[in-house]
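Colleague: If you use the working numbering, the sequence shown corresponds to residues 673 to 767, in order. All C-beta atoms, glycine included, are put in the ideal place defined by N, C-alpha and C. Here it is, the structure, as structure tokens.
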Amino acid sequence: MTNYELMFIVDSTLEDSAREQAVETVKGIIAANGEIVKADLWGMKKLAYPINKKNEGYYVLVDFKSDGEFPKELDRRLKISDSIVRHMIINKDEK
673 MTNYELMFIV DSTLEDSARE QAVETVKGII AANGEIVKAD LWGMKKLAYP
723 INKKNEGYYV LVDFKSDGEF PKELDRRLKI SDSIVRHMII NKDEK
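Laid out in structure tokens, this is it:
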């Protein structure tokens with residue numbers, strides 16, 4: 673199992689329940705294909721630059737372990753999600 677870090681930003685215009693549902697959906701996808709080590713909800717933060725005419729986003733950081741093929745599938749699923757504004761997956765074991 674390889675260690676990964678996922679940072680994603682949820683759309684700030686979503687209701688609280690929809691935002692929590694989006695976070696739980698992502699965590700569920702990861703849990704089904706690997707193991708969540710730690711999940712930090714950073715909350716609302718100002719974006720460095722406007723994305724889709726929005727200046728704020730809800731930041732979430734998730735450390736997880738999975739096999740080498742899963743991050744590609746996770747990346748694909750996050751790209752097609754309407755509630756996720758941006759995301760980045762980093763391999764923490766790679767040097």
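For ILE701, name the three-state secondary structure that DSSP assigns.
Modeller: To locate residue 701, count along the sequence shown from 1; it is residue 29. Three-state result, ILE701: helix.
Colleague: Put SER738 into one of helix, strand or coil per three-state DSSP.
Modeller: Position 66 of the sequence shown holds residue 738. Residue state, collapsed to three classes: strand.
Colleague: With three or more C-beta pairs closer than 8 Å as the rule, is the region 682 to 692 touching the region 727 to 739?
Modeller: yes
Colleague: Measuring alpha carbon to alpha carbon, tell me which residue in GLU696, ALA690, ALA703, GLN693 is nearest PRO743.
Modeller: Along the sequence shown, one-based indexing puts residue 743 at 71. When C-alpha distances from PRO743 are compared across GLU696, ALA690, ALA703, GLN693, the shortest belongs to ALA703.
Colleague: Just to confirm the assignment, what range does the beta strand (DSSP E) spanning ASN763 have?
Modeller: In the sequence shown, residue 763 corresponds to position 91, counting from 1. Where ASN763 is concerned, the enclosing beta strand (DSSP E) stretches over 756 to 763.
Colleague: What is the C-beta distance between VAL732 and TRP714, in whole angstroms, given that I count them as a contact (C-beta under 8 Å)?
Modeller: Taking the sequence shown and counting its residues from 1, one reaches residue 732 at position 60. Taking the sequence shown and counting its residues from 1, one reaches residue 714 at position 42. Yes, they are in contact, since the Cβ atoms of VAL732 and TRP714 sit about 7 Å apart, within 8 Å.
Colleague: From what residue to what residue does the beta strand (DSSP E) around LYS710 run?
Modeller: Residue 710 sits at position 38 when you count from the first residue of the sequence shown. Where LYS710 is concerned, the enclosing beta strand (DSSP E) stretches over 706 to 723.
Colleague: So for GLU728, helix, strand or coil by DSSP?
Modeller: In the sequence shown, counting from the first residue as 1, residue 728 sits at position 56. Of the three classes helix, strand and coil, the one that applies to GLU728 here is strand, per DSSP.
Colleague: What distance in whole Å lies between the Cβ atoms of SER738 and GLY706, which are believed to be in contact at a cut-off of 8 Å?
Modeller: Your numbering for residue 706 matches position 34 in the sequence shown. Your numbering for residue 738 matches position 66 in the sequence shown. Their Cβ separation, rounded to whole angstroms, is 3 Å, which keeps GLY706 and SER738 in contact under 8 Å.
Colleague: Within 10 angstroms of the Cβ of SER755, are there 16 or more other Cβ atoms? Answer buried if so, exposed if not.
Modeller: Against the sequence shown, residue 755 aligns to sequence position 83. Result: buried.
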